[in-house]
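Numbering (UniProt numbering), first residue to last: 1 to 155.
Cβ coordinates follow ideal geometry from the N, Cα and C atoms, glycine included.
Heads up, the thing below is written out as structure tokens.
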Amino acid sequence: MEKLISNTAYGIEVAEMVVNEKLSIEEAYLKCCKYDQFLSQKVTLGIFVPAKLVNGEWVVLTEPKGIKCCAGISNDCDCRGDLQYDSEEIYEYQEAKESVLFEGFAFNRDSEDYYFLVRDECYMTLIRKNHNDDIESLIGRDYNLTATAQKQIGL
């Protein structure tokens with residue numbers, strides 16, 4: 001499964017695996033429980049793009065860019081003109097990127113009530129801020145799951 005599907009559709013897929021003896025009933029039960037847990041997660045900006053929560057507000061993180069230290073001019077620096085990175089910034093970005101559950105989204109802008117996201121450069125989607133929607137509310141939108149999402153589900 002690479003796309004977000006309904007709990008019922010997932011249950012049918014898992015049941016077929018039991019019938020075809022690819023899964024035991026216990027394994028099927030655990031898979032369905034994991035999918036239920038996945039679907040019950042709250043919809044936040046961080047499941048679409050790398051972001052972190054700061055003082056109750058989501059902040060989009062951009063991929064860290066290296067900076068030239070001294071261009072190799074200074075003798076007291078070992079950079080030899082290589083790009084230097086802030087390791088904490090890189091770690092924070094990577095951690096946020098690994099929390100993204102749906103592929104292909106880019107942050108466009110936000111308003112008082114919504115985040116505006118772009119997918120495939122032409123498809124705009126709105127995510128309500130401070131709302132209690134869960135991932136299950138996104139079913140039917142043809143969203144592709146990231147490797148992180150597939151791992152959470154147990155695929």
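| message | Let me confirm a value: V100 is counted as buried when at least 16 other C-beta atoms fall within 10 Å, else exposed. Which label applies? | response | buried
| Beta carbon of E88, beta carbon of T148: below 8 Å? | no
| query | Can V43 and S111 be called in contact, C-beta distance under 8 Å? | reply | no
| field | Exposed unless 16 or more other CB atoms sit within 10 angstroms - verdict on I135 | value | buried
| said: Between the alpha carbons of C32 and G46, how many angstroms are there, rounded? | reply: 24 Å
| task | Just the C-alpha distance for L23 and I12, rounded to the nearest angstrom, thanks. | result | If I take the Cα positions, the gap works out to 13 Å.
| Cα-Cα, which of A9, D113 and E16 is closest to N132? | D113
| Per DSSP, cross-strand counterpart(s) of T44 | The partner list for T44 (beta bridge, DSSP) is empty, contrary to what the question assumes.
| Of the residues A28, Y29, A15 and F38, the one placed nearest I139, counting alpha carbons only | F38
| Is T62 helix, strand or coil when you go by DSSP? | coil
| query | Which residues in the same chain have their Cβ closer than 7 Å to the Cβ of R119, if we skip the five residues on either side of it in sequence? | reply | G104, F105 and T125
| request: To the nearest angstrom, report how far apart A96 and K151 are at their CA atoms. | output: 16 Å
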